[in-house]
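Q: Before I ask anything, here is the structure I am working with.
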Amino acid sequence: MTVKYHVNGLWIEKKDDQIIIGLSEKGQDDAGDIMFANLMIDGQYLEAGDTLIGVEGAKAVTDFTTPFAGDVLAIHEAIEEDFDLLNSTDRADNWIVKLRPKDTSLFPQLLDHPFSSEDSAE
98 MTVKYHVNGL WIEKKDDQII IGLSEKGQDD AGDIMFANLM IDGQYLEAGD
148 TLIGVEGAKA VTDFTTPFAG DVLAIHEAIE EDFDLLNSTD RADNWIVKLR
198 PKDTSLFPQL LDHPFSSEDS AE
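Position 89 of the sequence shown, counted from 1, bears residue number 186 in our numbering, the numbering being contiguous throughout.
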């Protein structure tokens with residue numbers, strides 16, 4: 098199990114043949130205290146760049162997109178009813194989607210820290 102971060106404010110955890118994507122500390126900081134969330138996952142397959150979720154926070158209204166294409170295995174639907182899950186720092190609470198990625202070659206290029214200034218592939 099390895100956790101990396103994308104510049105758009107997401108954490109990505111790789112477990113066996115799947116990845117779990119959730120809202121990182123950077124995403125939480127950029128949006129502020131999240132007051133509304135709208136899951137935008139439509140269908141059983143996501144393309145890289147598809148919007149996962151739109152959030153309304155104290156600082157900003159933001160859409161978060163996936164850096165990976167893949168088959169949708171699970172969607173954390175409870176976050177639409179309990180927005181505080183997205184404000185949690187616990188990955189068991191603030192995950193958004195589980196995917197079986199089409200290609201994981203991007204994974205090593207992701208950031209090791211959520212607030213890193215390194216470049217990452219988008």
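Beta carbons: idealized from backbone N, C-alpha and C, even for Gly.
Under the three-state reduction of DSSP, which class applies to residue 110: helix, strand or coil?
A: Residue 110 falls in the strand class under three-state DSSP.
Q: Please work out which residues of its chain come closer than 6 Å, Cβ to Cβ, to residue 198, disregarding the five sequence neighbours upstream and downstream, and give them in chain order.
A: Excluding sequence neighbours, residue 198 sits near 116, 165 and 167.
Q: Can you list, in chain order, the residues of its chain with a C-beta nearer than 7 Å to that of residue 184? Leave out the 5 residues immediately preceding and following it.
A: 125, 130 and 131, listed in sequence order.
Q: Pull up the distance between the alpha-carbon of residue 113 and that of residue 99, whole angstroms please.
A: Rounded to whole angstroms, residue 113 to residue 99 spans 10 Å at the Cα level.
Q: Out of 136, 201, 192 and 142, point me to the one whose CA is closest to residue 122's CA.
A: Nearest C-alpha to residue 122: 192.
Q: By how many angstroms is the C-alpha of residue 209 removed from the C-alpha of residue 103?
A: In a straight line, the C-alpha of residue 103 is about 9 Å away from that of residue 209.
Q: Put residue 115 into one of helix, strand or coil per three-state DSSP.
A: Here residue 115 sits in strand by DSSP.
Q: By the DSSP assignment, the alpha helix (DSSP H) with residue 153 in it spans what residues?
A: Premise fails: residue 153 lies in the beta strand (DSSP E), 148-154, not in any alpha helix (DSSP H).
Q: With distance defined between alpha-carbon atoms, name the residue in 163, 141, 127 and 178 nearest to residue 201.
A: When each option's Cα is compared against that of residue 201, the closest is 163.
Q: Can you tell me which of 196, 203, 172 and 143 puts its alpha carbon nearest to the alpha carbon of residue 135?
A: Comparing Cα-Cα distances from residue 135 to each of 196, 203, 172 and 143, the minimum goes to 172.
Q: Could you compute how far the alpha carbon of residue 66 sits from the alpha carbon of residue 177?
A: Residue 66 lies beyond the range of the chain shown here (98 to 219); nothing can be said about it.
Q: From the DSSP output, read off the bridge partner residues of residue 133.
A: In DSSP, residue 133 forms a bridge with 153.
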